[in-house]
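Report on the following structure.
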Amino acid sequence: MRTGEPLPAVGDVLASLATGLWHWDTSTGLVTVDAEAARLLGLPTEGAVLTEAQTRARLHPVDWNEITGVIQLAVAEGTLAEVRIRIMDERGRIVRVVRSRSKPSFDRVRKAYELIGTLQEVTEPSPGTPAGRSAVTGDWRRSREAFLLDAGRALAEARSTEEVLRVAANLSMPGFSPDGLAVFGVEGDRLTIIGHHGQQPGDEDAFTEMSLQTDYPAAEVVRTGRAVYLSSPEHYKSRYPLTWPLASQFGRHSWAFLPLTVAGRTMGAWMAGFAYPVAFTPDERSVLTTVARMLAQALTRAGAAETQRELTDGLQRSMLPTLGPEIPGMTLAARYIPTGGGLQVGGDWYDMIPLPNKRFALVIGDVQGHDVRAAGLMGQLRIALRAYASEGHGPDAVLSRASRFLYGLTHTGDANHADLRFATCLYIEVDPVTGVLRTARAGHLDPAIRMTDGTVLVHATAGGLPLGIDPDSDYPTTRLALEPGEALMLCTDGLLETGGHDLDTGWRRVRKILEKHAGGLEELADALVQAVHGPSSHHTTGPLADRREDDIALLLVCRHGGAGCGGLGATTPARPAVRRTMLTIAQAEPERIAEARAQLRDLLHDWPSDDQVDSAVLLVSEMLTNVLVHTDDDALLVAEVAGHPGERRMRIEVTDTSDSLPHKRRPGELASSGRGLVLTELLADEWGVAPRGEGKTIWFELYEPASEGEAEAASGAA
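The working numbering applies: residue 1171 is where the sequence shown begins, and numbers increase by one.
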């Protein structure tokens, strides 16, 4: 060609270079190729218009997917799309490898890609050569796919920002790995450093609080949402001269700054620095872009999890109280274990409320549900209970007001948006001087008392509906007594029902821990929690197939004296243990006589004579029935067992406020009453009637029979 002559046509130049031309419009689904491109695709050497299906049939299936990904990446970054393609024949054999280079664009109106590019045959590199290691096909592709799978799995398993950064720092990319990285976040109009690796502590100071308008690659990435690749120091210096001095001190040769984008929003930038030159081919950019997307997702998940932990920790600190000041004569211990839902705080709670006259109240309850709504209602209800209790109301009045309060919160009058909830609650007013407990119960579990000799009794108390169901509910009060050295346990149903247990089997599991424990109150609380959540809980599964988990609230209080609260279960030989229970039966609750019989049997669980136990139960039933039938007053039952084993004495008292004294009669065969005192005289070792200031007390005693060995020794001595 002579100087001044016109240049040859583009088609002639490409044909002389064995390079074909092709055009692809995804809106029409047609691919136009010239003669050389048709030849490279294994078609007749003439121009043609092909459908996507016809074109795809000539390409390796993996490479077709590769083309789609590279085109999308090139449009996002505004760069050329370059990819190697394996051409297949009709039998599925690879006939040649071609390289495609194109400039794609995206029409937002038609939502379609359009590109014009070239096809040129290339030689497939031999495995093991430098060209082979940088090729798109072969081992490099397989290594890249394996790397992305491993990286995705590791980032998905990271649960905190620190773990995400540690995983990102240890990523070994196939063929090129950064020696340093930094993750930038955004706060307002400033860049922040979320974390970095490969630099010395303090090196990040110059980049902290950098304005987004700064001429710095990470700031530009956040502003535009497009990646920046700098393949050499000269490239960096020419493009960002103002901030080049900050980067030059690290001695790197190539940099990649990629946007961290989630749901279309750029939340930051990721910098990968390389100690050697990197060309940033389309395939290397594809790997970096994929890692950046996974890194952004992982950081978002970790940030959300950390925010939730901070929220729930704050809720727990604000809603679950400490046990307050030390109470003279009492020791308290409490535990809260959130297990029912994703939150670290749920609807279960406990509280200790100081009251006038040096008394205090113990409260434990459970709001229905394990969600944020339950936690919010729990906090409001706890505050309301504290307010009502501090006003000096009795247990019954406190629960009545709390029920009306919760009913007002949940019954808004809008049936379409109603979120009706209820709460169970046990409220106990404690007098630490006398050990008297005044209890009111709203659908909650009854309290349990561990006596000084290890006997554990569930004290049946009068109760009403759960809070929030009926604003006019009534909550009767029951009086109990906590003797010196005895421990009181209040808990929610999660302690009993966790691990496939129902209330019955769960109570038996917990009762064994209460009876056998010999340490202090804090150790007892830990032992109870470990029994249902520790490794040993897997050996004590319940009968139910559903091993549901539930929140647990546990509150323990021990009255000083006797064996003391520091060594529960350690009896004092010089002073025989006294086992005592108390129960009030109102005139309107004759069905509670059955509870009294059951409680008496629990009290006498280790009494050696079954006949005497049956006699005691019969006499108690007669005495309580007489009070309810022949008087207009309530009956108070007090039963105690005292003395050393083998020499114990059982004393049972039934007290009422009537001044009428009973008289022994001799009823006929058809008489329906009058046998109470006759039975007492026949079955009891001692009995009597004691007038009180107001009313009277009927009592009887039974003495523990000597064992067979002691009886033989006594007869031999005689």
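No residue lacks a Cβ here, since even glycine has one placed at the ideal position from N, Cα and C.
Please classify residue i as buried or exposed, where buried requires at least 16 neighbouring CB atoms within 10 angstroms.
i       : result
Gly1190 : buried
Thr1299 : In this prediction, Thr1299 scores a pLDDT of 40, lower than 50, which makes its location untrustworthy; the coordinate-derived value is nonetheless stated afterwards. By the neighbour-count rule (16 or more Cβ atoms within 10 Å), Thr1299 is not buried but exposed.
Lys1866 : buried
Glu1164 : Nothing in the structure corresponds to residue 1164, since the chain is present only between 1171 and 1888.
Ile1255 : buried
Tyr1520 : buried
Arg1862 : exposed
Gly1634 : buried
Arg1278 : exposed
Asp1182 : exposed
Ala1841 : Because Ala1841 sits at a pLDDT of 43, beneath the cut-off of 50, its placement in the model cannot be relied upon, and the following sentence gives the value as read from the coordinates. Classification of Ala1841: exposed, given that the 10 Å Cβ count is below 16.
Glu1404 : exposed
Pro1176 : exposed
Asp1720 : buried
Glu1216 : exposed
Ala1860 : exposed
Thr1850 : buried
Val1265 : exposed
Thr1477 : exposed
Val1232 : exposed
Ala1301 : Only weak support is given to the placement of Ala1301: the predicted model assigns it a pLDDT of 40, under 50, and the value that follows is read from those uncertain coordinates. With fewer than 16 other Cβ atoms within 10 Å, it is exposed.
Can you find the residues in the same chain that come closer than 8 Å, C-beta to C-beta, to residue i, ignoring five residues on each side of it along the sequence?
i       : result
Asp1359 : Ser1381, Leu1382, Gln1383
Arg1543 : Asp1589, Arg1591
Gln1757 : Leu1798, Asp1802, Asp1803, Asp1804
Please report the residue range of the beta strand (DSSP E) in which residue i lies.
i       : result
Tyr1399 : 1398-1400
Leu1596 : 1593-1600
Val1356 : 1350-1357
Val1890 : With the chain covering only 1171 through 1888, there is no way to say anything about residue 1890.
Ala1723 : 1722-1729
Ile1868 : 1866-1873
Phe1450 : Taken as a continuous stretch (DSSP letters only), Phe1450 belongs to no beta strand (DSSP E), as it is neither H nor E.
Ser1347 : Unbroken run through Ser1347: none, as it is neither H nor E.
Leu1773 : Where Leu1773 is concerned, there is no enclosing beta strand (DSSP E), although the alpha helix (DSSP H) it sits in stretches over 1762-1773.
Leu1812 : The sequence shown places Ala at residue 1812, not Leu. Its beta strand (DSSP E) spans residues 1805-1812.
Ile1363 : 1360-1367
Given a cut-off of 8 Å on the beta-carbon distance, is the pair residue i and residue j in contact?
i       : j       : result
Leu1652 : Ala1695 : no
Ala1805 : Leu1789 : no
Glu1291 : Leu1210 : yes
Gly1438 : Val1392 : yes
Ala1612 : Tyr1577 : no
Leu1325 : Ala1207 : no
Leu1753 : Leu1807 : yes
Ser1560 : Ile1523 : yes
Val1824 : Arg1818 : no
Gly1638 : Arg1591 : yes
Leu1213 : Met1258 : no
Cys1728 : Leu1691 : yes
Pro1452 : Ala1251 : yes
Arg1679 : His1671 : yes
Arg1455 : Gly1350 : no
Ile1722 : Ala1701 : no
Thr1647 : Pro1565 : yes
Ala1697 : Pro1636 : no
Leu1318 : Thr1221 : no
Ignore the nearest five residues each way along the sequence and tell me which others in residue i's own chain have a CB closer than 7 Å to its CB.
i       : result
Thr1497 : The question names Thr, but residue 1497 is Ile in the sequence shown. So the qualifying residues of the chain are Phe1530, Pro1602.
Ala1121 : Beyond the ends of the chain as shown, which are 1171 and 1888, falls residue 1121; an answer cannot be given.
Ser1791 : Ile1763, Arg1767
Ser1401 : Ser1424, Pro1447, Val1448, Ala1449, Phe1450
State the start and end residues of the unbroken alpha helix (DSSP H) segment that holds residue i.
i       : result
Met1548 : 1542-1560
Val1603 : Per DSSP, Val1603 belongs to no alpha helix (DSSP H) and is neither H nor E.
Asp1385 : Counting along the chain, Asp1385 falls outside any alpha helix (DSSP H), and DSSP gives it neither H nor E.
Glu1252 : Per DSSP, Glu1252 belongs to no alpha helix (DSSP H); it is in the beta strand (DSSP E), 1251-1258.
Ala1632 : It is not in any alpha helix (DSSP H) - Ala1632 carries neither H nor E in the DSSP assignment.
His1405 : 1403-1409
Thr1675 : 1673-1686
Could you pull out every residue in the same chain whose Cβ sits closer than 6 Å to the Cβ of residue i, ignoring the five residues on either side in sequence?
i       : result
Thr1202 : His1193, Val1219
Phe1276 : Val1245, Tyr1283
Ser1304 : Residue confidence is low: Ser1304 scores 41 on pLDDT, short of 50, so the model does not pin down where it sits. Its coordinate-derived value is still stated next. So the list is empty, once near-sequence residues are dropped.
Ala1128 : The question about residue 1128 has no answer, for the chain in this structure spans 1171 to 1888.
### Contact the stretch 1752-1769 vs the stretch 1623-1643: 3+ CB pairs below 8 Å
yes
### Task
Please determine if the stretch 1555-1566 and the stretch 1538-1545 are in contact, where contact requires at least 3 C-beta pairs separated by less than 8 Å.
The stretch 1555-1566, when compared against the stretch 1538-1545, does not touch it at the 8 Å Cβ threshold.
### Query
Just checking, does the stretch 1344-1354 make contact with the stretch 1433-1451 on the three C-beta pairs under 8 Å criterion?
Result yes; three or more Cβ-Cβ pairs closer than 8 Å.
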